[in-house]
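Before any comments, here is the structure.
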Amino acid sequence: MRVFVGLPLPDAASEALEALQSDLRAGRHVPPENLHLTLAFLGEVTLPDLEALHLELQQVSWSPFELRLSGLELFGGPHPRALVIEARGGKPLRHLRDKIRSAARGIGLDLPRTRFRPHVTLARFPRDMSTQDATSLGRFLAAHGDAALPAMSVAGFALYRSHLARDGARYEVLADYPATA
Ligand code: 2AM
Numbered sequence: 012m013r014v015f016v017g018l019p020l021p022d023a024a025s026e027a028l029e030a031l032q033s034d035l036r037a038g039r040h041v042p043p044e045n046l047h048l049t050l051a052f053l054g055e056v057t058l059p060d061l062e063a064l065h066l067e068l069q070q071v072s073w074s075p076f077e078l079r080l081s082g083l084e085l086f087g088g089p090h091p092r093a094l095v096i097e098a099r100g101g102k103p104l105r106h107l108r109d110k111i112r113s114a115a116r117g118i119g120l121d122l123p124r125t126r127f128r129p130h131v132t133l134a135r136f137p138r139d140m141s142t143q144d145a146t147s148l149g150r151f152l153a154a155h156g157d158a159a160l161p162a163m164s165v166a167g168f169a170l171y172r173s174h175l176a177r178d179g180a181r182y183e184v185l186a187d188y189p190a191t192a
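Numbering (the working numbering), first residue to last: 12 to 192.
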């Protein structure tokens, strides 16, 4: 099963991001129910490993913290593959991510060492974006590049299963892990 650990967004944030997306006439928009911040992408995991991971994640102790979504960025270099809004959660966000990665490593899962650039993906683009779409994207960024949402409180993370499909992935929440303090 293809799984990852992430932060779901409060409805108000998903609605604000959906309103922002409605101005973008390019790419495939991430639907509101799929909007999330990935803390650890685990890839294919067996059922026994998933059960072990769930037990470990239940042991993670953490306190609620504030998260701010602000500033649009393109990921993917000169041929952008994704439009994201960056997330700022300071040390509490990094610590939570570290604890989750330790939990996954603790049960023997192999996690690549990647730089953490916390973000919420808003839209994805094909490798061969049309000139028209590239122009629309440029206009969108000029108008909304400094978009910022009100600070939100993070009080739970979730274990997600990703169902891949031709028309985009669908994410299913397998378990929730509320803050412990
Ligand atoms: P993205 O939003 O930046 O694309 C589920 O696929 C989530 O895991 C997505 O939010 C995706 O991040 C993230 N992810 C991180 N590494 C990934 C990988 N190697 N393959 C697919 N998704 C990955």
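Built from N, CA and C at the ideal position, the CB exists for glycine as well.
Query, Result
"Residues bridged to residue 95 [DSSP beta-bridge criterion]", "84, 132"
"Alpha-carbon to alpha-carbon, residue 133 and residue 70", "31 Å"
"Cβ separation of residue 100 and residue 75, assumed to be a contact under 8 Å, to the nearest whole Å", "Between residue 75 and residue 100 the Cβ distance is about 11 Å, and since that is not below 8 Å, they are no contact."
"Euclidean distance between Cα positions of residue 160 and residue 27", "7 Å"
"Under the three-state DSSP convention, the category residue 108 falls into", "helix"
"Residue range of the alpha helix (DSSP H) that includes residue 13", "Per DSSP, residue 13 belongs to no alpha helix (DSSP H); it is in the beta strand (DSSP E), 13-19."
"Residue 71 - partner residues in DSSP beta bridges", "Note: residue 71 sits in no beta bridge, so no partner."
"Under the three-state DSSP convention, the category residue 34 falls into", "coil"
"For residue 174: DSSP bridge partner residues", "181"
"Alpha carbon of residue 189 to alpha carbon of residue 168, nearest angstrom", "7 Å"
"Residue 173 beta carbon near ligand 1 (any heavy atom closer than 7 Å)", "yes"
"Residue 48 - containing beta strand (DSSP E), residue span", "47-55"
"Distance CB(residue 127)-CB(residue 92) smaller than 8 Å", "no"
"Which residues DSSP lists as bridging residue 40, in chain order", "134"
"Beta-carbon gap between residue 122 and residue 115 smaller than 8 Å", "yes"
"CB of residue 37 within 8 Å of CB of residue 147, strictly", "yes"
"Buried versus exposed, by CB contacts within 10 Å (16 or more), residue 32", "buried"
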